[in-house]
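Number of protein chains: 4
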Amino acid sequence: MDYKSLFTEISILLKAMDDRGEVASYIPELGKVDPGSFAMHLTSVENLGFGLGAMDERFSIQSIAKVLSLAVAFDLEDDRLWRRVGVEPLGSPFNSLVQLEYENGIPRNPLINAGALVVCDILVSRLEHPERDFIAFVRKLAGNPDIDYSPRISASEKRTGFRNAALVNLMKAYGNIENDADTVLNVYLNLCSIEMSCRELAQAFLFLAAGGVNPLTGERVVSVSKSKRINAIMLLCGFYDEAGEFAFKVGLPVKSGVGGGIIAIHPGNYSVAIWSPRLNEKGNSYRGMKILEFMTTWTQSSIF
Amino acid sequence: MDYKSLFTEISILLKAMDDRGEVASYIPELGKVDPGSFAMHLTSVENLGFGLGAMDERFSIQSIAKVLSLAVAFDLEDDRLWRRVGVEPLGSPFNSLVQLEYENGIPRNPLINAGALVVCDILVSRLEHPERDFIAFVRKLAGNPDIDYSPRISASEKRTGFRNAALVNLMKAYGNIENDADTVLNVYLNLCSIEMSCRELAQAFLFLAAGGVNPLTGERVVSVSKSKRINAIMLLCGFYDEAGEFAFKVGLPVKSGVGGGIIAIHPGNYSVAIWSPRLNEKGNSYRGMKILEFMTTWTQSSIF
Amino acid sequence: MDYKSLFTEISILLKAMDDRGEVASYIPELGKVDPGSFAMHLTSVENLGFGLGAMDERFSIQSIAKVLSLAVAFDLEDDRLWRRVGVEPLGSPFNSLVQLEYENGIPRNPLINAGALVVCDILVSRLEHPERDFIAFVRKLAGNPDIDYSPRISASEKRTGFRNAALVNLMKAYGNIENDADTVLNVYLNLCSIEMSCRELAQAFLFLAAGGVNPLTGERVVSVSKSKRINAIMLLCGFYDEAGEFAFKVGLPVKSGVGGGIIAIHPGNYSVAIWSPRLNEKGNSYRGMKILEFMTTWTQSSIF
Amino acid sequence: MDYKSLFTEISILLKAMDDRGEVASYIPELGKVDPGSFAMHLTSVENLGFGLGAMDERFSIQSIAKVLSLAVAFDLEDDRLWRRVGVEPLGSPFNSLVQLEYENGIPRNPLINAGALVVCDILVSRLEHPERDFIAFVRKLAGNPDIDYSPRISASEKRTGFRNAALVNLMKAYGNIENDADTVLNVYLNLCSIEMSCRELAQAFLFLAAGGVNPLTGERVVSVSKSKRINAIMLLCGFYDEAGEFAFKVGLPVKSGVGGGIIAIHPGNYSVAIWSPRLNEKGNSYRGMKILEFMTTWTQSSIF
């Protein structure tokens, strides 16, 4: 694929593009970012890199971390994981508490908050030092040892995260959380607080474009089959109740975060990260969505 | 891809495979089929054909017809279609009446009954002779002028289809059905009653593997973009609330029918139809599911 | 109780009272009424009558009829009735289609539309001439042989009643409607179209204040126990999802209709009918509610 | 009313009556009670007392406490209370978490757990020493200074009460809990742990039969109007989703607890407490329900 021409096109498009929506502010710390920030980085499976904007500036990856924690838990638990969390899209305008009650404490999928909390519960049970081991995994994937949690962000989130406390307690009532509710909640908030740049994100997710192998190191991260399955989950569940809309318009496995980041995978070809903090009314990056739609139309490179 | 070896493997697998579940019997006529029937046909975009079993025996395609009526309506209405029906997976253990109420008469997607009824309402409004024009479209796609509706099946279904009558009336209450409720219901029941063989189905759906062009005739059926979008909808919504499970295990756009048929698409490569009437508890062909899972594992050919 | 002073107080109150809300207009014919109309009539178990306003003008009683059809069906079926309809309040902001799906076609109570449709299905099964027999019952209760259905109103309602068609078809899908859907729907629409005056309504419902006996004729209409149970159902379910609010503020068994009528019962004492067509946002007569609240406060006569 | 003959009849009935169901055991401490225990005490507004069985043995009153905390909060807040909690029955087979989400953190009524937690939040905000002040209120009503909380029961409940923790956190997410989640939860668990005998319960609730005045002391507890309104709430909401069934069969304001206690009020006449620990499948005392149904049938004393 001619990525160079693609990035030239995108940089032209970007100048003409409006930017709408608000920066996430339910966590005070998140609201402090410059709303006009922009960065993008694509890494191909051949390890060619193409970037635009502040591609080395770090931002709060928030829910994007859920894919990486899923990869760790899936690798640890194999298909036992699916006894505790589903693989179906949420598909409902209502949030996961309702669904949790209907389905007896089993979250619909690992990319909604409830599912990610179950994944964190598994990390707490299975890893000796959950936070330390997880950040080591992320650093290795991204090839950068100074990626880290932001205690400032996680502390800010803790002061307002009553809904997550409700989720973890409800699942504990159903017997689907093994560890102490507060411990699991803390690990979850720490994971969401990780700060990475677009270049680091694209690098860290490249294994999902490369059949489960980190092309940088040749190391296998997850099996071929697990890599495909994580991509399928991202396509179906990566954008909450806008998943169908995104698959329809863009057609790539994807995950977004309220920090304004999006990571998308084209299996066999590339991973691409975009950061633009203004969010549409569904909570996904306004410009990020537009650029991904343009990209797959221009390159005719959706998976469909 | 070495389809020949693949079919040899499948024929070996098939001999060893158990077959479970019940034949659909809520429509008396459907219950009359031989439960042990089996057929499979793959057609590649190069128009190579590979088959197994009773590949020329016709069966009731049922919900598989919803993809073809969607193709017609999408072509007629362009994006106006999406004002009346969504593109999100159902994602709920509950059926579409609940969802229709929550979302004011707009079905979640065109492959659930409610959505397919809206599509039929569009055919009634836009086509001069809805049934005649639609069957002509199907015959041309499949390359066989004697494909037809089964009045026996649609009459049988009419005597028990009170839930569909509820759906169409509820949507009429919300203003999302333009024509007479009974007229729309009749068109819908006729569409579901079409009988086709696996060879005909694979041929008829080949345009979705070939970017919207019928490779047999070179004729464009829908635009490239529409073809991709129909595939995305099939992946997300083709298997009702088992959509996630199927994408996770098989990873292809798909649609099943309660007659025991399944059609799957590998964009750029092939379409494949399977018929095996025993259904699992979710209403999808038991052996059809197993063979598709084997196929994409063996060929490593999922879209992820 | 000093009803005379009460009515003097009410007539003073009425002059000072504002009147708000809209007249029901989803049925065109209902919208033709004079919005400022007012009537009230109380009949005590001693057969003393007290009235105000246009107490002999007839209006469309609409859902108020559901209590009378319930009385007939309960008398015919005894406790077998409760296999097909519940006695629990709806208690949900959502309407009965959602509830019907959750509870497999068994309506929550006989005063919501779905429950009243089941009651009509029973009348069709059990009465030789459902419409003729039912109107005879009402005429006898009210002591007036020229009370009748309004074909104008029921025809008007038939042209827009798609939601009721959805309800009856959905219940038929669950096996809870024995007769033809259209037949049941017609009986239902006819029942709701009955026109009565406040004086007639108060008279017709007096048996529920008098332990099941019509004090006018001494004839038993339903058993003591059935009379108490119908009152309990009215208290809990007579005002849809405003039932709690009404019990809290007024504290009497009650039923309202979208024609602006309300009937309330004080067991052992009186029945009272009010008509004032402007409806609050919940669909209950604005002035009717206010006057009933004043009445039970002034007389300290709630059942609590 | 001839209470003496009534109690003779009940004692005969009791000997012939079977006893079914299980003792509540989700809290280990509750499971230790003798399942065959029985007690009953009626106190008339004239302060005549009639009893049967272990009428002075104390048991865990559990949810019965919610009516007394409601009385305190209603008296403190007047109608401001209803901005934070509704007066509608739950009316749903699903529990209050679903409802809380649909209705933005406002519980349907003060007798479900969520509503009682809001009431406790008010006690924490308004009372200097919530626990001390509340138990003083109960002791005074019952006329016995040694009624107390059971730390054994509340500790037992704390170890398993994750669902209540979920409720209080969810309401805090909606801004409907002012105080620290754990503080409110502790007050709630303490209130439910109070132990009283049937004689004490009947005495403590007598003010609701007497228009808000404690007949023992002549002291006004709540206004006439508030007393009537609490009775209305008990009738509509006292038995969760069996409220309709109970109003239909018994017809009295009521509240049950999982400890096997039931308190019922006949406004103007009496309050009656029953204790029999085996619960029916809805969680209400099996024999308690039967005896109340017999009582109101025998005495023809329902409020309808």
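Residue numbers (the working numbering), protein chains in the order written: chain A, 1 to 304; chain B, 1001 to 1304; chain C, 2001 to 2304; chain D, 3001 to 3304.
Here a beta-carbon is modelled for each residue, glycine too, at the ideal position from N, C-alpha and C.
These numbers come from a predicted model, not from an experiment.
Any C-beta of chain A sitting closer than 8 Å to the C-beta of residue i?
i                 : result
GLU3281 (chain D) : no
ALA3114 (chain D) : no
LEU3097 (chain D) : yes
SER1011 (chain B) : no
Are residue i and residue j close, meaning C-beta to C-beta below 8 Å?
i                 : j                 : result
TYR3188 (chain D) : CYS3120 (chain D) : yes
SER2150 (chain C) : SER2193 (chain C) : yes
PRO3089 (chain D) : CYS3237 (chain D) : yes
VAL1222 (chain B) : ASP1019 (chain B) : no
LEU2279 (chain C) : VAL2258 (chain C) : yes
MET1171 (chain B) : GLY1260 (chain B) : no
ASN1983 (chain C) : ASN2113 (chain C) : This structure leaves residue 1983 (chain C) out entirely; chain C is present only between 2001 and 2304.
MET1040 (chain B) : ASN1269 (chain B) : no
Along the chain, where does the alpha helix (DSSP H) containing residue i start, and where does it finish?
i                 : result
GLY3288 (chain D) : 3286-3298
LEU167 (chain A)  : 162-173
ALA2247 (chain C) : 2243-2249
PHE7 (chain A)    : 3-16
LYS2032 (chain C) : From DSSP, LYS2032 (chain C) is part of no alpha helix (DSSP H); its letter is neither H nor E.
SER125 (chain A)  : 113-126
VAL1138 (chain B) : 1130-1142
ALA3273 (chain D) : Unbroken run through ALA3273 (chain D) is the beta strand (DSSP E), 3270-3275; no alpha helix (DSSP H).
ALA1181 (chain B) : 1181-1192
GLU3200 (chain D) : 3198-3204
Nearest to residue i by alpha carbon, out of the options?
i                 : options                                       : result
ALA2071 (chain C) : C:LEU2206, C:LEU2100 and C:ARG2058            : C:LEU2206
ASP1079 (chain B) : B:SER1225, B:GLY1212 and B:LYS1290            : B:SER1225
ASP3034 (chain D) : D:GLU3101, D:VAL3098 and D:ALA3054            : D:ALA3054
ALA1155 (chain B) : B:LEU1185, B:PHE1294 and B:HIS1129            : B:LEU1185
ASN2190 (chain C) : C:ILE2112, C:PRO2130, C:TYR2270 and C:ARG2058 : C:PRO2130
ASP1182 (chain B) : C:ASN2169, C:ILE2177 and C:GLU2178            : C:ASN2169
THR160 (chain A)  : A:LEU6, A:SER25, A:PHE137 and A:LYS15         : A:SER25
GLY2211 (chain C) : C:GLU2200, C:GLU2242, C:ILE2265 and C:ALA2247 : C:ILE2265
PHE1137 (chain B) : B:LEU1052, B:ILE1153, B:ALA1204 and B:GLY1218 : B:ALA1204
Under a CB-based cut-off of 8 Å, is residue i close to chain B?
i                 : result
ILE106 (chain A)  : no
ARG229 (chain A)  : yes
PHE2094 (chain C) : Residue placement at PHE2094 (chain C) cannot be trusted, given a pLDDT of 48 that sits under 50; what the coordinates show is reported in the next sentence. With 8 Å as the cut-off, PHE2094 (chain C) counts as an interface residue toward chain B.
GLU2307 (chain C) : Lying outside 2001 to 2304, the shown extent of chain C, residue 2307 (chain C) is not represented and no answer is given.
Under 8 Å between C-beta atoms, does residue i make it to chain D?
i                 : result
LEU2170 (chain C) : no
Who are the neighbours of residue i on chain C, taking C-beta pairs under 9 Å?
i                 : result
ALA1352 (chain B) : The requested residue 1352 (chain B) does not occur in the structure, where chain B is confined to residues 1001 to 1304.
For a contact defined as C-beta to C-beta under 7 Å, what are the partners of residue i on chain A?
i                 : result
GLY1251 (chain B) : LYS228 and ALA232
Can you tell me where the beta strand (DSSP E) holding residue i begins and where it ends?
i                 : result
MET40 (chain A)   : 39-44
VAL1221 (chain B) : Looking at the DSSP string, VAL1221 (chain B) is not in any beta strand (DSSP E), and its letter there is neither H nor E.
PHE3050 (chain D) : 3049-3053
VAL2087 (chain C) : Neither: VAL2087 (chain C) is in no beta strand (DSSP E) and is coded neither H nor E.
SER2256 (chain C) : 2254-2256
ILE3262 (chain D) : 3261-3266
Which bits of chain D does residue i rub up against, with CB to CB less than 8 Å?
i                 : result
PRO2267 (chain C) : ILE3303 and PHE3304
Which residues in chain D have a C-beta closer than 7 Å to the C-beta of residue i? List them in chain order.
i                 : result
VAL2087 (chain C) : GLY3244, GLU3245 and PHE3248
ASP2241 (chain C) : GLU3088
Identify the contact partners of residue i in chain C, using a Cβ-Cβ distance below 8 Å as the criterion.
i                 : result
ASN3109 (chain D) : GLY2244
I'd like to know whether the C-beta of residue i is nearer than 8 Å to at least one C-beta of chain C.
i                 : result
LEU3236 (chain D) : yes
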